[in-house]
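Here is the structure we will look at.
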């Protein structure tokens, strides 16, 4: 990782984490063509963990019991 790039992590199941394999890649700003951030390269294991976390949150969390009106309020863009 280049020292001046902003490092990022993944947010899976309520926790910030690095990619399982520790790999990452530079994200390039298309306007300047300069690298600006270091992004985790998610593996199949990382993706499966994320999908399992979302499925669990949807099935066991409050979302399926939330009214469509309340869902709309929570997902509307601010402003």
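Numbering (the working numbering), first residue to last: 804 to 882.
Backbone N, C-alpha and C define an ideal beta-carbon position, used for all residues, glycine too.
Bear in mind that the values here come from a model prediction, so they are computed numbers and not experimental data.
Classify residue i: buried if its beta carbon has 16 or more other beta carbons within 10 angstroms, exposed otherwise.
i           : result
residue 859 : exposed
residue 804 : Reliability of the predicted coordinates at residue 804 is poor, the pLDDT of 49 falling under 50, and the value obtained from them is presented with this limitation in mind. Counting Cβ neighbours within 10 Å, residue 804 comes out exposed, since fewer than 16 surround it.
Would you mind stating whether residue i and residue j have Cβ atoms separated by less than 7 Å?
i           : j           : result
residue 828 : residue 853 : no
residue 819 : residue 812 : yes
residue 848 : residue 826 : no
On a Cα-Cα basis, can you pick out the residue from the options that is closest to residue i?
i           : options               : result
residue 832 : 812, 825, 868 and 842 : 842
residue 821 : 839, 846 and 865      : 846
residue 817 : 871, 840, 855 and 839 : 855
Taking the DSSP output, what are the residues bridged to residue i?
i           : result
residue 832 : 837
residue 827 : 843
residue 809 : 840
Can you list, in chain order, the residues of its chain with a C-beta nearer than 6 Å to that of residue i? Leave out the 5 residues immediately preceding and following it.
i           : result
residue 874 : none
Just to confirm my understanding: we take residue i, look at its own chain, exclude 5 residues before and 5 after, and list those with CB closer than 8 Å. What are they?
i           : result
residue 877 : 869
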